[in-house]
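Novice: Numbered per UniProt numbering, the sequence shown spans residues 1 to 397. We treat Cβ as the ideally placed atom computed from N, Cα and C, and that holds for glycine. Quick caveat: nothing in here was measured; it's all calculated off a predicted structure. My questions all concern the structure below.
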Amino acid sequence: MIPSEIATDILSRLPVKSLLRFRCVSKSWRSIIDDQDFVKMHLHHSTTTNSNYGLILGGLGLYSIDLDSLDKAHVVKPPFYYKSVDDISNSCNGLFLVMSEPPVMWNPFSRKYRILPDNPIEYPTPLLCFSKVIYGLGYDSRNDDYKVVRVVEFRNKTSHMWECSESDIYSLRSNSWKRVEGFPYPLPFLKGNWGVHVKGALHTLVEDFFHVCSDRSVRIMAFSVENENHYEVMLPSNIGIRNFKMKLDVLGGCLCLVCTSKSRANIWVMKEYAVEESWTKLISIDSSTIDPEDILQPFAYLKPLAYSKNGENVLLTSDDKRLVWYDLRRKTVKNVSVSGLPFVFFPELCVQSLISPLGPSPGRGDGVKKTGQDKRKEKKTKKTRDDFLSEGFKLVL
1 MIPSEIATDI
11 LSRLPVKSLL
21 RFRCVSKSWR
31 SIIDDQDFVK
41 MHLHHSTTTN
51 SNYGLILGGL
61 GLYSIDLDSL
71 DKAHVVKPPF
81 YYKSVDDISN
91 SCNGLFLVMS
101 EPPVMWNPFS
111 RKYRILPDNP
121 IEYPTPLLCF
131 SKVIYGLGYD
141 SRNDDYKVVR
151 VVEFRNKTSH
161 MWECSESDIY
171 SLRSNSWKRV
181 EGFPYPLPFL
191 KGNWGVHVKG
201 ALHTLVEDFF
211 HVCSDRSVRI
221 MAFSVENENH
231 YEVMLPSNIG
241 IRNFKMKLDV
251 LGGCLCLVCT
261 SKSRANIWVM
271 KEYAVEESWT
281 KLISIDSSTI
291 DPEDILQPFA
301 YLKPLAYSKN
311 GENVLLTSDD
321 KRLVWYDLRR
331 KTVKNVSVSG
341 LPFVFFPELC
351 VQSLISPLGP
361 SPGRGDGVKK
371 TGQDKRKEKK
381 TKKTRDDFLS
391 EGFKLVL
């Protein structure tokens, strides 16, 4: 008999697919795997060892790719109604938000999902119409809660000028929405997905119309899902804002800024969060030094995804159609050939986890409340199945 501590340590290193199978081995193994402390232990091991990572591709259907092999794109079929036009959010500890109507919080590895409760849009005045609705998914570590932020932007029906925005936040722990402080700027850089989640905050670039002709014309604004407030994160100094198109991403758990023009691409990484001096230029590519067939252009659609295991290469997506490894030392590009890859795709890096979108539960379970009769029936069914499985495995062994 394997001691519980050793079994727990071994199981914490396995991918989710294996863990779901091993839940059927015995009652004790299922108890370990369903325990909330084990769920967090498994996630911690994966993130600290850079293991059990993959890509989820949105766009023309949903696909998954194992990051270690990068050999084949597998079709993902959600256990709920999904339209290919529905965007998917950033990944947050293995959870995604499918921006359908209503939105769905989903773990593609455990296949569990939750349809979010209805939250109708309220118009401040009849003269306004909403022009944009965006969503973001984040983790509140202080309250151990996963939250969805929705921002609705309102414009004047006549002038079409931005007037205001309203922000609501959904808590998985309470399974409810509440109104919070509205976002203080128009959101021209966001197209449905507030997907840059770092250090418990969602980040976006905004235009500051009071400083149009200066390097302050673009700012990074963040929303803390823990404190539920907005704050500014400083850009790198002297980056020449007016010469580049910019977008935010996440690389290696750090805030990342991609600056592109027709002839150049620079990728900055904020090594220490919220410390302006920690911005480091990780990649600088000049079109004159890159072979046009090296498939990095056009630079405008460059997105960093992940570091290689040894940290010497960065996985990039180019033009939403290709995956490439960029060698940081040699400054060379290598194409990644993945079978079954769709023609166009929008990749998100994700870690396999057992985090449940059904909400927290003490010890184990799926977070859904059961009646006393249901619990007694479930306990009897589990006991019969566990005894049968235990005896079956004893016979095999």
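I need the DSSP call for V76, collapsed to helix, strand or coil.
Specialist: Three-state result, V76: coil.
Novice: If we count the other Cβ atoms within 10 Å of its Cβ and call it buried at 16 or more, is S12 buried or exposed?
Specialist: Classification of S12: buried, given that the 10 Å Cβ count is 16 or more.
Novice: Would you call C350 buried or exposed, if buried means 16 or more other Cβ atoms sit within 10 Å of its Cβ?
Specialist: Buried, because 16 or more other Cβ atoms sit within 10 Å of the Cβ of C350.
Novice: Compute the Euclidean distance between the alpha carbons of D66 and S51, then round it to the nearest angstrom.
Specialist: Whole-angstrom Cα-Cα distance: 10 Å.
Novice: Assuming R322 and N335 make a contact with CB atoms under 8 Å, what is their CB distance in whole Å?
Specialist: Indeed, because the Cβ distance is near 7 Å, the residues count as touching under 8 Å.
Novice: What are the start and end residues of the beta strand (DSSP E) that includes E348?
Specialist: From DSSP, the beta strand (DSSP E) with E348 extends over 345-351.
Novice: Return helix, strand or coil for S171, following the three-state DSSP convention.
Specialist: The answer is strand: DSSP assigns S171 an E or B state.
Novice: Would you call the segment 41-60 and the segment 158-168 touching, i.e. three or more CB-CB distances under 8 Å?
Specialist: No, because fewer than three Cβ pairs between the segment 41-60 and the segment 158-168 fall closer than 8 Å, the two stretches do not touch.
Novice: Closer than 6 Å by C-beta to A306: which residues in its own chain qualify, once you throw out the five before and the five after it? Chain order, please.
Specialist: Cβ neighbours of A306 beyond the five flanking positions: L315, L349.
Novice: Say the cut is 7 Å; is the CB of V16 nearer than that to a heavy atom of the ligand GTP?
Specialist: The ligand GTP is absent from the structure shown, which contains no ligand whatsoever.
Novice: In angstroms with no decimal places, state the Cα-to-Cα distance between Y170 and S337.
Specialist: Using only the alpha carbons, I get a separation of about 39 Å.
Novice: On the DSSP bridge assignment, give the partners of S129 in chain order.
Specialist: Note on identity: in this sequence residue 129 is Cys, with Ser being the wrong assignment. In DSSP, C129 forms a bridge with R155.
Novice: Report the option in L354, G359, K27 whose CA atom is closest to the CA atom of L19.
Specialist: The option with the nearest alpha carbon to L19 is L354.
Novice: Since I believe S176 is in contact with P117 (beta carbons under 8 Å), could you give me their beta-carbon distance rounded to a whole number of angstroms?
Specialist: With 8 Å as the limit, P117 and S176 qualify as a contact, their Cβ atoms being about 7 Å apart.
Novice: For G240, write down the residues that DSSP places opposite it in a beta bridge.
Specialist: The partner list for G240 (beta bridge, DSSP) is empty, contrary to what the question assumes.
Novice: Using the Cβ count rule (16 or more neighbours within 10 Å means buried), how would you classify R142?
Specialist: By the 10 Å Cβ count, R142 comes out exposed.
Novice: Keeping to the same chain, check which residues put their C-beta closer than 7 Å to that of G200; ignore five residues upstream and five downstream.
Specialist: If we look at G200 and ignore the five residues flanking it on each side, its Cβ neighbours are G138, Y139, D140, S141, S224, V225, E226.
Novice: If you compare alpha carbons, which of V206, R242, K303 is closest to Y231?
Specialist: Minimum Cα distance to Y231 is reached at V206.
Novice: For a quick check, are the C-beta atoms of A7 and L341 less than 8 Å apart?
Specialist: No, they are not a contact pair.
Novice: By the 10 Å Cβ neighbour count, where 16 or more other Cβ atoms means buried, how is D9 classified, buried or exposed?
Specialist: Looking at its Cβ environment, which holds fewer than 16 other Cβ atoms inside 10 Å, D9 is exposed.
Novice: State the start and end residues of the unbroken beta strand (DSSP E) segment that holds T317.
Specialist: Its beta strand (DSSP E) spans residues 313-318.
Novice: Sort N107, E276, Y123, V196 by Cα distance to V16 and report the nearest one.
Specialist: The shortest Cα separation from V16 among N107, E276, Y123, V196 belongs to N107.
Novice: DSSP state of S176, grouped into three classes?
Specialist: In this structure, S176 counts as strand in the three-state DSSP scheme.
Novice: Figure out for me which residue from G359, I33, N156, R179 has the closest Cα to the Cα of P186.
Specialist: Out of G359, I33, N156, R179, N156 has the C-alpha closest to the C-alpha of P186.
Novice: With I65 as the anchor, note down where its beta strand (DSSP E) starts and where it stops.
Specialist: That run of the beta strand (DSSP E) goes 63-66.
Novice: Grouping DSSP H, G and I as helix and E and B as strand, with all else coil, what is L11?
Specialist: If DSSP states are grouped into helix, strand and coil, L11 belongs with the helices.
Novice: What do you get for V269, buried or exposed, if any count of 16 or more other CB atoms within 10 angstroms of its CB means buried?
Specialist: That one is buried.
Novice: By the DSSP assignment, the beta strand (DSSP E) with H197 in it spans what residues?
Specialist: Counting along the chain, the beta strand (DSSP E) containing H197 begins and ends at 196-198.
Novice: Taking only three categories from DSSP, how would you classify H160?
Specialist: Coil, per DSSP.
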